[in-house]
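Notes follow once the structure below has been shown.
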Amino acid sequence: MSSSKSCIDTNDLSDSLTRHLVDELDEIVFVCDPDSYELLYLNDFGKKTFKIESCSGKKCHEALFGHSRPCSFCKKKYLTLDEFFVWEQPVNGNHHYLIRDKLIQWEGKTLLFGVANNIVEKEIVSQSIQRKLQNEQILLKCLQVLGNEEKFAEAVDIILGLLGEQYEADRAYIFEYNVGENAVTSSNTHEWCADNVVPQIDKLQNVPLEAFSLWMSQLENNSNIIIESLESIREAHPEDYELLHMQGIHSLMVVPLHVDGKVSGFIGVDNPRSNRNDYSLLRSLALVVTNEQKKNQMERKLLELSYVDKLTGLGNRNNYIQTLEQLEKIPPPNLGVVFIDLNGLKMVNDQLGHDAGDEYIKNLADVFRKHFREEDIYRIGGDEFVFLARRIGEPVFKKRVDAMKAEADWLFPDAISVGSVWREKNIKPSSMVQQADILMYENKKEYYLRRDRIASP
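The sequence shown begins at 1 in the UniProt record's numbering and counts up one residue at a time.
So this is what it looks like as structure tokens:
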């Protein structure tokens with residue numbers, strides 16, 4: 001090698017393929033003169049790492065370590081042509097390099113050839129990959145739990161346990177919003193606690209959202225929340241501080257839950273000791289939980305539809321049969337049964353149309369609601385209703401039946417035929433329904449007689 005050269009021409013190193021491969025490495029590759037410390041070659045990754053466009057005129061200690069003089073830790077005296085000398089060296093506090101050096105011969109001159117790896121970066125990447133693998137394994141376990149557990153609540157408790165253990169937290173929990181008539185509150189619906197940690201779930205029911213003022217706006221903006229030190233919010237947010245302090249919380253991580261694009265609550269961990277600032281598992285579990293919540297809500301709605309009369313909103317025949325079976329097994333202390341048949345429904349449908357007939361049914365159903373509990377009323381056929389009024393005294397029962405008949409008659413004269421039975425001892429619900437049905441038909445015969453007399457000339 002000519003001494004007039006201050007930087008190795010990469011065309012002299014090897015063919016184009018070798019140059020390309022060296023520049024593609026994610027390792028720092030360099031060549032320098034061990035006597036003059038001139039940096040003769042630095043691959044593309046090294047230039048990018050140290051923000052150097054060209055190695056020309058640079059000293060190795062300046063470019064690689066930021067020193068104006070040769071490094072005190074230089075290992076050139078230990079280097080040979082036979083094997084690599086491997087050593088470690090921290091740089092600028094943020095990097096820690098594993099360096100492999102050896103001497104090489106190039107055009108009659110002995111040069112120093114080195115390869116350096118930032119082992120801190122590689123360790124961070126390795127830890128990140130490990131966390132991702134652990135998170136994926138936990139998510140898989142959570143999905144298996146949801147598939148194996150029949151009850152959603154029990155599945156969520158197991159999932160929160162996996163979450164809490166992964167974050168080495170004191171508590172893992174879910175809060176869900178409740179929309180009331182006057183305000184929106186939040187309740188702790190599920191909770192997992194580590195050993196020797198006092199549960200808080202009973203104390204955190206129907207909490208006004210104002211108590212979470214510190215993070216409400218962040219949740220609405222789909223932001224994660226972290227409080228690394230509770231003391232940091234003591235002066236600015238005293239109410240939030242007190243709420244969290246009384247639970248023994250000194251740090252937390254929370255992410256929002258969404259249903260139909262709106263915040264429906266949040267999932268979080270208290271006092272996490274591991275994976276702090278890593279929200280990926282919390283975020284993933286939030287999606288899993290909300291998807292399962294939506295599925296369960298849909299199933300509940302479908303179940304409700306199978307037990308609710310679509311026109312009136314009252315219990316339907318399925319609901320009635322199930323309730324009657326339950327009452328047969330466990331009779332109440334007393335029971336009042338009402339059997340109602342709507343008079344003139346066919347005539348309304350024939351003369352005014354089925355829309356008018358539907359309105360006729362709904363209006364009378366509203367009358368029934370005024371006098372008896374909605375959950376005790378069932379529409380068991382097109383024009384038939386049965387009431388199963390539990391835990392009601394006989395005088396009150398009879399008074400309500402009479403008031404209901406009077407209001408229905410005022411709204412639509414002779415609109416209903418009614419049979420009613422009340423019993424306190426030896427209660428047999430099915431027999432009582434049959435008896436009320438017979439009495440209703442007796443009342444219906446009276447209606448037909450009145451109608452026929454009016455129709456006769």
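For glycine and all other residues, C-beta sits at the position ideal for the given N, C-alpha and C.
Proximity to residue i [Cα-Cα], best of the options
| i | options | result |
| --- | --- | --- |
| V338 | D414, P34, R283, K399 | K399 |
| G381 | A365, V418, V401, R317 | R317 |
| E27 | Y41, P34, G46, L40 | G46 |
| P272 | A365, F368, D202, H250 | H250 |
| V263 | L209, K370, R451, L160 | L209 |
| I368 | L352, Q351, A408, L345 | The sequence shown places Phe at residue 368, not Ile. It is A408 whose Cα lies nearest to the Cα of F368. |
| F50 | R69, N196, F30 | F30 |
| F266 | N277, M253, D260 | M253 |
| G261 | F412, L219, P238, E239 | L219 |
| R19 | M432, D33, Y41, D350 | Y41 |
| L282 | I159, V22, C60 | I159 |
| L257 | E239, H237, K294 | K294 |
| L345 | F152, L287, P413 | P413 |
| L285 | E239, L162, E235, V396 | L162 |
| F397 | R423, E375, S431 | R423 |
| E228 | E235, N277, V145, A236 | N277 |
| L411 | R451, P395, D366 | D366 |
| V86 | V115, S68, S72, V401 | V115 |
| K310 | V433, G353, E359, S72 | E359 |
Test item: CB-CB of residue i and residue j under 9 Å
| i | j | result |
| --- | --- | --- |
| I427 | N291 | no |
| Y177 | W192 | no |
| I361 | T312 | yes |
| V91 | F65 | yes |
| K444 | N343 | yes |
| N275 | Q137 | no |
| L364 | I321 | no |
| R391 | F385 | no |
| V269 | G164 | yes |
| V421 | L439 | yes |
| I233 | L204 | no |
| C74 | H95 | no |
| V156 | V259 | no |
| L98 | I104 | no |
| K59 | P70 | yes |
| E88 | I119 | yes |
| P34 | L79 | yes |
Sheet register partners of residue i (DSSP bridge)
| i | result |
| --- | --- |
| K445 | DSSP output for K445 lists no bridge partner at all. |
| H96 | P90 |
| K109 | W106 |
| R450 | Answer by DSSP bridge pairing: none, since R450 is not bridged. |
| W422 | G336 |
| K59 | E38 |
| I28 | A116 |
| Y360 | Y360 pairs with nothing; no bridge assigned. |
| P256 | F266 |
| N43 | DSSP output for N43 lists no bridge partner at all. |
| Y173 | E191, G268 |
| N178 | T185 |
| E384 | D341 |
| R283 | Answer is none; R283 lacks a bridge partner. |
| P208 | T185 |
Own chain, CB closer than 6 Å to residue i, minus 5 neighbours either side, in chain order
| i | result |
| --- | --- |
| N224 | V255, Y279 |
| F212 | none |
| M404 | H371 |
| I377 | L314, F368, F387 |
| I226 | M253 |
Contact set for residue i: own chain, Cβ-Cβ below 7 Å, skip 5 residues either direction
| i | result |
| --- | --- |
| N206 | N178, T185, S187 |
| L25 | N43, F45 |
| S3 | Its pLDDT being 41, under 50, S3 is placed unreliably in this model, and the value from its coordinates should be taken loosely. Excluding residues within five positions, none has a Cβ falling inside 7 Å. |
| F84 | R100, D101, K102 |
| S6 | In this predicted model, S6 has a pLDDT of only 49, less than 50, meaning its place in the structure is not dependable enough to derive any value. |
| D437 | F339, G419 |
| A183 | P208 |
| L303 | none |
| E168 | P272, R273, S274 |
| K141 | L162 |
Cβ-based neighbour list, residue i, same chain, cut-off 8 Å, excluding 5 preceding and 5 following
| i | result |
| --- | --- |
| R373 | A389 |
| P429 | L324, L327, E328, P331, L335, V337, L388 |
| S14 | At S14, the pLDDT of 48 sits below 50, so the modelled position is not reliable and the matter cannot be decided from this model. |
| V308 | L314, G315, N316, N319 |
| V197 | D170, R171, G248 |
Residue i: CB within 8 Å of a non-hydrogen atom of the ligand NAD
| i | result |
| --- | --- |
| A365 | The ligand content of the structure shown is nil, which means the ligand NAD is not present either. |
- [ ] Would you be able to state if there are at least three C-beta pairs under 8 Å between the stretch 293-303 and the stretch 243-252?
- [x] Three or more Cβ pairs closer than 8 Å define a contact, and the stretch 243-252 falls short of that threshold against the stretch 293-303.
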